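Working notes, beginning with the structure itself.
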Amino acid sequence: MRRITIFLFMSLLFAAACKNEQAPSPVSGGVNCDVAKITTSYALTAIQTNCTNRGCHPGGNSPAVADFSTATTLKAYINTHRSTFELRAVGSLADMPQSQGFPALSQGMKDSIACWIAHGLPDQ
Amino acid sequence: MKIIPAILLCLAAGTAAQAQNSLEKLFDSTSTAHTRVLDTYKSTRIIQGQSTETLHKHELDFRVAHRFGDAGGEFGGTKTFFGTDNSTDIRIAFEYGITDHLMVGISRSKGSGNLRQLYEGLVKYRFLQQTKDDYVPVSVAVFGNMVISGMPSATDKSAPDYFGTTADRMTYVAQALVSRKFADRLSFTLMPTYVHRNRVSYMDMNNMFALGAAGRLKLSKRLGLLAEYYYPFRTTESKDYFKSLGTKFYNPLGVGLEIETGGHVFSITFTNSTAILENQFIPETTTSWLQGQFRWGFNISRRFTLFGKKDWKK
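Protein chains in written order, with the working numbering: chain A, 39 to 162; chain B, 52 to 365.
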């Protein structure tokens, strides 16, 4: 009897917690890339705030290949791994930043960084 | 529609309670008249997925699983020492045998995919065990888990990790496991699986079925070769949408070696999927073996007997 009660309780818990929800279609974060002026300074600040710490992209550490510690290394990485960066950082299913307490990038920030890349990583 | 996942999960968990008494009798009768097949697998997990093995009564299993970064491709090679500089997922778990056929567990994983910082509760019940004379030709178990993410919510509502309510953080798996050991060396398992994710990104699937298959070839008394594959049934519409955004999904495939050393079972694995939990590696694998995006990893299991060995052997 006790066992049945436990499983009935679990069933209720499952039923109460189950839902089917799909996120709305991603919309632009309000960035008009044709006129927006996104600079390296903005992109570097955004990435260093949200993607780098002692364990993530710090340079000389893991992952060594994706060093975002300076503007030069960030741009070098994007120039050589553009598709990967776009897929994992600014794409619709971007899985970066991972864990380490970082929240996901906002759509506006993703759009801005994508725009910066599309414009050729301008400094000014 | 909302109730279907609950029913399936409750079937997985509830079967344990409903059927236990009558089936215990079956076990009792088979244990005398029909010898049970033991060690279809050495561990409760094969590579990523569950086996039909369960813990003994009062046995505590401490498990650590780790998956490294890409061994090949642009993130692998010598610069990351074939992925060992990075970790894609890490899981630490405690699992416990309530009876010889019913086990429960809790775990914490880093997570790899849309959700991270994952806390899992699991239950597995084996209600049929293969016998040597084929009176019972296969072992059958059901597995269910419930996973909740502890990560901070995204601010963007279109992100899959935006959590409007606590329920948005939850995912579930219900799985049937059917295995057979052929002769002494070969074991084979089919794993029809249902994954439910409460909240997914646009055009992703809340409910996904998959069929898994796995096998073990015993090479020596302590060594086995493992292989595991899942085919997730993702709709063409969903595949096409993500493909248009540059994301392609791949079917999880893993191979490994299972080594038993006394109280430890150690598995060295190679998988294309980055995640460890079924809730993620079945619907969210976007890495391909052919592009070098496979990784090595390991599962370590250390079992402890609680309340005295004599008690659970009775």
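We put the CB at the ideal spot given by N, CA and C, even for glycine. Nothing here was measured: the structure is a model prediction, and the numbers come from that model.
Item	Value
Any 3 or more C-beta pairs closer than 8 Å across the segment 346-355 of chain B and the segment 311-330 of chain B	yes
For ARG41 (chain A), the three-state DSSP class (helix, strand or coil)	helix
Proximal residues of chain A, C-beta to C-beta of ARG213 (chain B) below 9 Å	For the record, residue 213 (chain B) in the displayed sequence is Tyr; it is not Arg. Near TYR213 (chain B) (Cβ distances below 9 Å), the residues of chain A are ALA61, ALA142.
Simplified DSSP state of ARG126 (chain A), which is helix, strand or coil	helix
Residues of its chain near GLY134 (chain B), where Cβ-Cβ distance is below 6 Å and the 5 sequence neighbours each way are ignored	PHE119, GLY120, ASP121, ALA122, GLY127, ARG346
Short-range partners of chain A found in the segment 126-154 of chain B, where Cβ spacing is below 7 Å	PHE126, LYS130, THR131, ASP136, ASN137
Any non-hydrogen atom of the ligand PLP closer than 8 Å to HIS85 (chain B) Cβ	This structure does not include the ligand PLP; it has no bound ligands of any sort.
Residues that ASP112 (chain B) bridges to, as DSSP identifies them	B:GLU146, B:ARG354
Amino acids of chain B, ordered along the chain, whose beta-carbon sits closer than 7 Å to that of ASP133 (chain A)	GLY164
Status (buried if at least 16 other CB within 10 Å, exposed otherwise) for GLU288 (chain B)	exposed
Among B:MET259, B:SER295, B:GLU146, the one whose alpha carbon lies nearest that of ARG114 (chain B)	B:GLU146
Chain B contact residues for SER130 (chain A), given Cβ-Cβ distances below 8 Å	SER252, TYR253, PHE293, LEU296, THR298
Proximity below 9 Å, CB of ASP112 (chain B) to CB of ARG354 (chain B)	yes
Cβ-based contacts, 8 Å cut-off: residues of the segment 112-129 of chain A near chain B	HIS119, SER121, THR122, GLU124, LEU125, GLY129
Within 9 Å, strictly: CB atoms of LEU159 (chain A) and THR108 (chain A)	no
GLN145 (chain A): contacting residues in chain B (beta-carbon distance under 8 Å)	ASP207, SER209, ALA210
Closer than 9 Å to chain A by CB, THR287 (chain B)	no
Cβ neighbour criterion (16 or more within 10 Å) applied to GLN331 (chain B)	buried
Cβ neighbour criterion (16 or more within 10 Å) applied to HIS95 (chain A)	buried
ASN88 (chain A) - DSSP class collapsed to helix/strand/coil	helix
Three CB pairs or more closer than 8 Å across the segment 189-196 of chain B and the segment 217-234 of chain B	yes
Near-chain A residues of the segment 327-344 of chain B - C-beta to any C-beta below 9 Å	GLU335, THR337
Interface flag, ASN258 (chain B) vs chain A, CB-CB below 9 Å	yes
Beta-carbon neighbours of PRO160 (chain A), restricted to chain B and to distances below 9 Å	Per Cβ cutoff of 9 Å: no residues; PRO160 (chain A) is ~24 Å from chain B at best.
Within-9 Å CB hit, VAL103 (chain A) to chain D	In the displayed structure, chain D is absent; the protein chains listed are A and B.
is_contact[PRO96 (chain A), chain B] using C-beta, thresh 9 Å	no
Continuous alpha helix (DSSP H) stretch holding LYS148 (chain A): start and end	145-156
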